[in-house]
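As structure tokens, the structure follows; a few thoughts come after it.
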Amino acid sequence: MTITQIQDEIINEFSLLDGDMEMTVFYIMELGQKLPEIKQSERTEDNIVKGCQSKVWMVARLENDRVYFEADSNTAITKGLVSLLIRIFNGQNPDENLKCKSLFYE
């Protein structure tokens, strides 16, 4: 799937919640629960995402011209938000990731 297709899929999923904030927060936390934890050895200062109030660890690797991410957080909501970013950008070409107009930023 392309980045745009994945984003459209996410937008559609959230639109089903019809603006219900409680359900939205619950759904985001549920997404975070599905995100695999990263290895304890990856929870290093070098892998912390700077600027987050919560702790977020992220690692990336390049395989066959595709970028693969793993991440974790110490808070449920943040972990859910991170899982959305991984869903969008994981397995994509680095150039596509860099030039993408994400639903998170433009």
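For the sequence shown, position 43 (counting from the first letter as 1) is numbered 92 according to my numbering, and the numbering increases by one without interruption.
In this text, a Cβ means the ideal position worked out from N, Cα and C, and glycines have one as well.
Take the Cβ of residue i as the centre, count every other Cβ of all protein chains shown within 10 Å, and call the residue buried at 16 or more, exposed below.
| i | result |
| --- | --- |
| Gln82 | exposed |
| Asp114 | exposed |
| Gln89 | exposed |
| Ser64 | exposed |
What is the DSSP secondary structure of residue i, reduced to helix, strand or coil?
| i | result |
| --- | --- |
| Asp121 | strand |
| Val116 | strand |
| Ile97 | strand |
| Met72 | helix |
| Gln102 | coil |
Quick one: what's residue i bridged to in DSSP?
| i | result |
| --- | --- |
| Arg92 | Answer by DSSP bridge pairing: none, since Arg92 is not bridged. |
| Met107 | Ala120 |
What are the boundary residues of the alpha helix (DSSP H) that includes residue i?
| i | result |
| --- | --- |
| Gln141 | No alpha helix (DSSP H) contains Gln141, which DSSP labels as neither H nor E. |
| Ile60 | 52 to 64 |
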